[in-house]
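In our numbering, the protein residues as written are 1 to 147. All residues carry an ideal CB built from backbone N, CA and C; glycine is no exception.
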């Protein structure tokens, strides 16, 4: 499913020469909202492309998937410039952006946070080190819909 979502990002990824790696079992079955998952993954990748790298710089984008106690765990990471400690606590706030001059709205990660925590009933947190990169840790229930 992740590969299918990334196909929609091919024009963006081609321009940048970034490498995308998916590790783990892509056959994990979940009963959830595929559109919301797609938007979360898309916004995370686009956020990396816009904020983590200098123009012309190629980077590594990585998805790690695993099952943990009846939950899907997705770790998404980039090896970009990282997020300043002063900004890390604000990244999920609406309209927070460090790229307003480049057209950033500050809504991408806010939308991600709301989709993950409300629509998908999961959790998300971020860790970042300047000069090393950023990782988003997400956990989702496998069965969102109960019969």
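Identified DSSP bridge partners for residue i
i	result
residue 143	31
residue 73	66 and 139
residue 78	61 and 134
Test item: CB-CB of residue i and residue j under 8 Å
i	j	result
residue 117	residue 111	no
residue 28	residue 67	yes
residue 60	residue 78	yes
residue 80	residue 129	no
residue 94	residue 121	no
residue 76	residue 44	yes
residue 87	residue 105	no
residue 73	residue 139	yes
residue 24	residue 65	yes
residue 5	residue 48	no
Continuous beta strand (DSSP E) stretch holding residue i: start and end
i	result
residue 8	Where residue 8 is concerned, there is no enclosing beta strand (DSSP E), given that its DSSP letter is neither H nor E.
residue 127	123 to 129
residue 20	19 to 23
Extent of the continuous alpha helix (DSSP H) to which residue i belongs
i	result
residue 116	Taken as a continuous stretch (DSSP letters only), residue 116 belongs to no alpha helix (DSSP H), as it is neither H nor E.
residue 86	85 to 88
Spatial distance of residue i from residue j (CA atoms)
i	j	result
residue 85	residue 34	32 Å
residue 11	residue 145	34 Å
residue 127	residue 50	18 Å
residue 15	residue 9	10 Å
Any non-hydrogen atom of the ligand MN within 7 Å of residue i CB
i	result
residue 66	The ligand MN is not part of this structure, which contains no ligands at all.
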